[in-house]
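Protein chains: 2
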Amino acid sequence: MTDTISIEHAQSDRAYEIDSGFINAVLAAAEDGARDDLIALFEPLHAADIADVLEQVSATEREAIVALWGDEVDGEVFAEMDEDISVELMENLSDDIIGEAMRDLDTDDVVDLIEDMEEPQKERVLGSLEEADRAAVQQSLSYPEETAGRLMQRELVMAPTHWRVGDAIDEMRKSDDLPERFYDVVIVDPRLKPVGKVPLSSLMSHPRDTALTEIMDEEFRTIPVGQSQEDVAYAFNQYNMVSAPVVDEQDRLVGVITMDDAMEVLEEEAEEDIMLLAGVGDETLHDSTWNTTKLRFPWLAVNLVTSILASLVIAQFSSTIEAIVALAILMPIVASMGGNAGTQTLTVAVRALATKDLTPSNAWRVIRREMFVGLLNGCIFAVIIGIVGVIWFGTPMLGVVLGLAMIVNLLVAGLAGISVPIVLDKLGVDPALASSAFVTTVTDVVGFFVFLGLAGALLL
Amino acid sequence: MTDTISIEHAQSDRAYEIDSGFINAVLAAAEDGARDDLIALFEPLHAADIADVLEQVSATEREAIVALWGDEVDGEVFAEMDEDISVELMENLSDDIIGEAMRDLDTDDVVDLIEDMEEPQKERVLGSLEEADRAAVQQSLSYPEETAGRLMQRELVMAPTHWRVGDAIDEMRKSDDLPERFYDVVIVDPRLKPVGKVPLSSLMSHPRDTALTEIMDEEFRTIPVGQSQEDVAYAFNQYNMVSAPVVDEQDRLVGVITMDDAMEVLEEEAEEDIMLLAGVGDETLHDSTWNTTKLRFPWLAVNLVTSILASLVIAQFSSTIEAIVALAILMPIVASMGGNAGTQTLTVAVRALATKDLTPSNAWRVIRREMFVGLLNGCIFAVIIGIVGVIWFGTPMLGVVLGLAMIVNLLVAGLAGISVPIVLDKLGVDPALASSAFVTTVTDVVGFFVFLGLAGALLL
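Chains as they are written, first to last, in my numbering: chain A, 1 to 460; chain B, 1001 to 1460.
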């Protein structure tokens, strides 16, 4: 452990957190222009931690630090940073420094970095690469975004079917352009079609004269180059893969995806679901106030429409409310309980769809369960809120109205919560995106309508 | 690719999804008692896919399938299944079949399986293990749940500091109890303290007489056995690690954690955040109606209290509402917008805390940003809703009241949304758990209070 100075490794809650003392030291070095101090501070740190430091300071501080760091800049740091920030930082660096930094990176990292850049800057970075790397990066960029083609790296180790363990080891010792890190040797036929792979651990544990085809993995999956990154991540997670060969339309080997890339996607996708469910787009902590405001606006606008709809429902009952003002006091309870119950159900549904646990095979059973759960909790809360209503306002019938409205709305919440995501998924819309707006509209409208309607019928 | 029969590998949306035709074939085989058919259907499938099939059928069907499968049962399938289900299934299997199934598994998978079992069943499974494995499993179980000790496997490859590449390769070829899959050789000093590790890919690419210490990884991290699994997963993700040695309090090597385990935890933790934010506990699609109802009840109960609090606020203004019934119609809008804006902010905050992007170093900057965002969106929506209010009810002052209440509530939503999670985190409470209840209470109470209060002051 080389970095005990700056990052706590204790078993505390704060393990791996960069402490603010360290950040202050970096800021002080930047302010004083103390380049040697800065380099010494960063030297023991992993690129990912340096990236975090840069993400946590303000934009101006960040620029000052990177400018001072100069030609010691480590390309990996850009790869580990939030893309917006690295794009912004790289704009101010000289061609030489960028070229130097890019040389540290595998092609998949370079692709990841430049795919979000504007054309002129993209050209500039591409121009700084060596010819072979540039061709590989351009090839990757020719695949659609968020597909296997963008995730894969071109650096890989392959062997023909007739090789033995000894051949493979000798060949690797001789080669001077092996990938920095690899886990399998991909076995290919003469047409470059992968027929299997041998994990390095098997290669290690067998005698030199063992045929590679004899020790190939039983489990072997290739990834089509056009597969969505979401499916790639799912496959890595589902089948515990560490690396997988990527093939083109003719089944020829074109690259390799490794688990670290898949892990990143898996996290991104879960993150996206969380954010979308809360009506937050693709935002980060580093976005400006104005950008954040813009990103949050659409969801709030949708919610405004939704709540105006609910108000229109209430407006239909204004004479009932005028007659019994207690209704105005109590009506948000039913709607709010429905909204919460609906959100519970839809969250479970959205995740189950994402992990492919909710399928046509079990959809009906799950829908039935959700309706029963809604009904059961509806009955329980009907009794509680009924009693509260009676005690508070002394009108037994008001308690009955509250209770009945609660049962109906929680049942509807369960039904809407499960069926809206399923239908959206069937229509090809990401269920995390719009489910929440639909479901709360339903529970608000039904909540107010049933409560006020029943009150009008039974209390007036 | 051995399983093109049953799992679609196309580049479609449905890649890796088990089709319902396949599930029907399995169910038909189980119903007819056609054991050979069942075995033939499962044979080409990955254990994780068989686990998914079993998860998607009903409990009765599941039991019938596993009973028919009999001594062909694959232990990996239990490891891949939701724990509740595997525990339930294993209860009905004979000791012989369990013993056979457990022999397929690494110790970390056995630990994962039995840690949730009741004492008698746990004893039974432990009894079915071979002596060495039992000792290893019991050792792991002696560490607290959700720590590195539970995640690690005991099977690993280590080498003393004086070995050369050739020694390591020869030794591995001779050994007959290598782990099924490994990625690094851990270099240990005579006291068993890890001093570095050599990735297999480096071992492959260097001549036999290279000293291992010469080609050790620069980046080298050990994981303390008591570290929380959340931090372990963070470290794997942050530092792109594939495997990491685990050490005890005396810094001695006690096991190894591999990336697939870390990936699982990472997914679990993101999942947990999503679920907690929506007020759903540790539930799965397979829970019974009754269990699901119980799991969802607490959150709904909290919400009931919250909404009764909001109603109490409204009740203070019943004479105002009696005078102007339009207020009852419009009041849910302000509260609902506040709730949504607050949820947006707190979701971003909860995730940023989980990924250690939100720290004391940038907390103030982020808080300031959130307040500005709230204020900005508040002003925009104040204008919109103000106009709506005026057009709808023809009272300009009503528009002013709506607008002012919107500004205040969205500002408060931003402030509460960012500060509640930060404070909970400081207090050592999982911010995903309780933030949402606190924040919506604040936005409801403030929303109703400001709107009705202003209306009382300005309109009456």
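Each residue gets a CB set at the ideal place from its N, CA and C atoms; glycine is no exception.
Same chain only: Cβ atoms within 8 Å of residue 1125 (chain B), ignoring 5 sequence neighbours per side: 1090, 1098, 1102, 1110, 1113, 1114 and 1117
Beta-carbon neighbours of residue 279 (chain A), restricted to chain B and to distances below 8 Å: 1340, 1343 and 1344
Under 9 Å by beta carbon: chain B residues contacting residue 395 (chain A): None at all; the shortest Cβ gap to chain B is about 15 Å.
Among A:438, A:367 and A:398, the one whose alpha carbon lies nearest that of residue 411 (chain A): A:367
is_contact[residue 78 (chain A), chain B] using C-beta, thresh 7 Å: no
Check whether residue 382 (chain A) and residue 403 (chain A) have beta carbons under 7 Å apart: yes
8 Å CB neighbourhood of residue 2 (chain A) in its chain, flanking five on each side removed: Bear in mind that a pLDDT of 36 at residue 2 (chain A), under 50, signals an unreliable position, so the model cannot answer this.
Contact set between residue 330 (chain A) and chain B, taken where Cβ atoms lie within less than 7 Å: 1311
Touch test, the stretch 1247–1260 of chain B against the stretch 1225–1235 of chain B, Cβ-Cβ under 8 Å, three pairs minimum: yes
Interface residues of the stretch 380–406 of chain A facing chain B [CB-CB below 8 Å]: 380, 381, 384, 385 and 388
Chain-ordered chain A contacts of residue 1293 (chain B) [CB-CB under 7 Å]: 373, 376 and 377
Contacts that residue 1322 (chain B) makes with chain A (C-beta to C-beta distance below 7 Å): 325
Outcome for residue 1250 (chain B) when other beta-carbon atoms lying within 10 angstroms are tallied against a minimum of 16: exposed
Extent of the continuous alpha helix (DSSP H) run through residue 1247 (chain B): No alpha helix (DSSP H) holds residue 1247 (chain B); the beta strand (DSSP E) holding it covers 1243–1247.
Exposure of residue 1092 (chain B), with buried meaning 16 or more beta-carbon neighbours within 10 Å: exposed
Local Cβ density within 10 Å of residue 240 (chain A), reported as buried at 16 or more and exposed below that: buried
Inter-residue CB distance, residue 168 (chain A) and residue 203 (chain A) (contact presumed, cutoff 8 Å): 6 Å
Proximal chain B residues relative to residue 239 (chain A), where beta-carbon distance stays under 7 Å: 1046 and 1048
Proximal residues of chain A, C-beta to C-beta of residue 1234 (chain B) below 7 Å: 16
C-beta neighbour in chain B for residue 465 (chain A), strict 7 Å: This structure cannot speak to residue 465 (chain A), because chain A is shown only from 1 to 460.
Through-space distance from residue 323 (chain A) to residue 460 (chain A), alpha-carbon basis: 8 Å
Classification of residue 1347 (chain B) by the beta-carbon crowding that lies within 10 angstroms, buried from 16 upward: buried
Within chain B, partners of residue 274 (chain A) - CB distance below 9 Å: 1270, 1273, 1274, 1277, 1347, 1350 and 1351
Beta-carbon separation (whole angstroms), residue 1051 (chain B) vs residue 1077 (chain B), contact threshold 8 Å: 5 Å
Spatial distance of residue 236 (chain A) from residue 206 (chain A) (CA atoms): 26 Å
Cβ-Cβ separation, residue 82 (chain A) to residue 55 (chain A) (assumed contact under 8 Å), whole Å: 6 Å
Chain D residues whose Cβ lies nearer than 8 Å to that of residue 1283 (chain B): Among the protein chains of the structure shown, namely A and B, there is no chain D.
Inter-residue spacing [alpha-carbon to alpha-carbon] between residue 453 (chain A) and residue 327 (chain A): 11 Å
Which listed residue (A:443, A:129, A:80 and A:106) has its alpha carbon closest to that of residue 307 (chain A): A:443
Alpha helix (DSSP H) runs contained entirely in the stretch 208–282 of chain A, provided each spans 4 or more residues: 229–238 and 259–277
Integer-rounded CB distance, given that residue 1337 (chain B) should sit under 8 Å from residue 1406 (chain B): 6 Å
The stretch 1215–1231 of chain B in contact with the stretch 278–293 of chain A per 3-pair CB rule at 8 Å: no
The stretch 283–292 of chain A contacting the stretch 421–431 of chain A, beta-carbon criterion three pairs below 8 Å: no
Minimum Cβ-Cβ distance from residue 59 (chain A) to chain B less than 7 Å: no
For residue 1369 (chain B) and residue 1458 (chain B), the rounded distance between their alpha carbons: 31 Å
Beta-carbon contacts of residue 1363 (chain B) that lie in its chain and below 8 Å, excluding the five residues immediately before and after: 1422
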